[in-house]
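Have a look at the structure below, then the notes.
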Ligand code: PGA
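In the working numbering, the protein residues as written are 11 to 261.
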């Protein structure tokens, strides 16, 4: 397995002080953890203070979004360079909550991934089927097209890294993680689709595939043996330091 990565997506759940407090608490609990990458993604307004809080630890900082231009008249957006300045190394792109609530399109997702790669930020690209797509038997098509539209035409070279987070939309925040057998099938589909875009040596060197959707400290081990498994994107369970540390230690 490549170095596993465990990413906390704090969404819009915490204010600045609460984010700093949780960051400090997580950093204490993961002291001594080796050969794992831990990333915290607080809201934009908390990035600076959380970045300071974890500066002397091995924990890394990520943002939950980015704009697809580098500078200009884009009121309310955040530039990739600014995120770098705050210490971010990762950016969540195309989360289903943004696709649904902000109507983020595949084209926007593609442009955001491109700008991340051009600015030494690692995009965490979220893909996954909705409940309706699953019921209709279109899960594979949904994931395949999201990937093709997001990733076609991008160059992976040098130190560029990409993370694909498979997150079935209906599993997010539901308390019901997807069956590991189904996750395994989705991972294989993702890997096959990546093969349509890049040769194996590029995939191996530059891409990791992770799972997200109601991961907790108890169900973690059900996923870790899956082929292509490289980590988790964690929402609800990342809001409690003990629970999040439990996930990290279980890998
Ligand atoms: P969840 O969220 O762990 O609460 O399901 C995952 C996510 O939205 O990335």
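Backbone N, C-alpha and C define an ideal beta-carbon position, used for all residues, glycine too.
Worksheet item: Are the beta-carbon atoms belonging to residue 158 and residue 219 less than 9 Å from one another?
Response: no
Discussion item. Using 9 Å as the threshold, is the C-beta distance between residue 169 and residue 122 below it?
Written reply: no
Worksheet item: Just the residues with CB closer than 6 Å to a heavy atom of the ligand PGA, in chain order, which are they?
Response: 19, 177, 182, 183, 222, 223, 224, 225, 243, 244, 245, 246 and 247
Item to complete: Look up residue 74 in the DSSP assignment and say whether it is helix, strand or coil.
Response: coil
Worksheet entry | For residue 103, the three-state DSSP class (helix, strand or coil) | Per DSSP, reduced to three states, the secondary structure at residue 103 is strand.
Worksheet item: Residues in its own chain within less than 7 Å of residue 8 by CB, not counting five upstream and five downstream?
Response: Outside the displayed range of the chain (11 to 261) lies residue 8, so it cannot be described from this structure.
Worksheet entry | Beta bridge counterpart(s) of residue 137 as assigned by DSSP | 176
Discussion item. Using CA atoms only, rank isn't needed, just tell me which of 52, 36, 41 and 14 is closest to residue 26.
Written reply: 52
Worksheet item: Which whole-angstrom value describes the C-beta separation of residue 134 and residue 103, a residue pair presumed to lie in contact below a C-beta threshold of 8 Å?
Response: Contact check for residue 134 and residue 103: beta-carbon distance about 6 Å, within the 8 Å limit, so the pair qualifies.
Discussion item. Going by DSSP in three states, residue 28 sits in which element: helix, strand or coil?
Written reply: In this structure, residue 28 counts as helix in the three-state DSSP scheme.
Worksheet item: Looking at C-beta atoms only, is the number of pairs between the stretch 77 to 93 and the stretch 42 to 51 that lie closer than 8 Å three or more?
Response: Two segments are said to touch when three or more pairs of C-beta atoms, one from each, lie closer than 8 Å; by this definition the stretch 77 to 93 does not touch the stretch 42 to 51.
Discussion item. Distance check for residue 17 and residue 227, CA to CA, integer angstroms please.
Written reply: 14 Å
Worksheet item: Secondary structure at residue 184, three-state DSSP: helix, strand or coil?
Response: Of the three classes helix, strand and coil, the one that applies to residue 184 here is coil, per DSSP.
Discussion item. Buried or exposed for residue 177, going by 16 or more other Cβ atoms inside 10 Å?
Written reply: buried
Worksheet entry | Closest by C-alpha distance to residue 255, when choosing among 204, 230 and 240 | Comparing Cα-Cα distances from residue 255 to each of 204, 230 and 240, the minimum goes to 230.
Worksheet item: Would DSSP call residue 231 helix, strand or coil?
Response: helix
Worksheet entry | In DSSP terms, what residue 221 is bridged to | 176 and 242
Discussion item. What does the alpha-carbon distance come out to for the pair residue 246 and residue 20?
Written reply: Taken atom to atom, the span from the alpha-carbon of residue 246 to that of residue 20 is near 8 Å.
Worksheet item: CB-CB under 8 Å to residue 63, same chain, minus the five flanking residues each way: which ones, in chain order?
Response: 30, 33, 34 and 37
Worksheet item: Does DSSP put residue 166 in a helix, a strand or coil?
Response: Under the three-state reduction of DSSP, residue 166 is assigned to coil, being neither helix nor strand.
Item to complete: Could you tell me which of 248, 188 and 259 sits nearest to residue 23, measuring between CA atoms?
Response: 248
Item to complete: Check whether the Cβ atoms of residue 205 and residue 164 sit closer than 9 Å, and answer yes or no.
Response: no
Worksheet item: So who's on the other strand from residue 47, going by DSSP bridges?
Response: 15
Practice prompt. Determine the direct distance from the alpha carbon of residue 13 to that of residue 236, and round the result to whole angstroms.
Written response: The alpha-carbon atoms of residue 236 and residue 13 are separated by roughly 14 Å.
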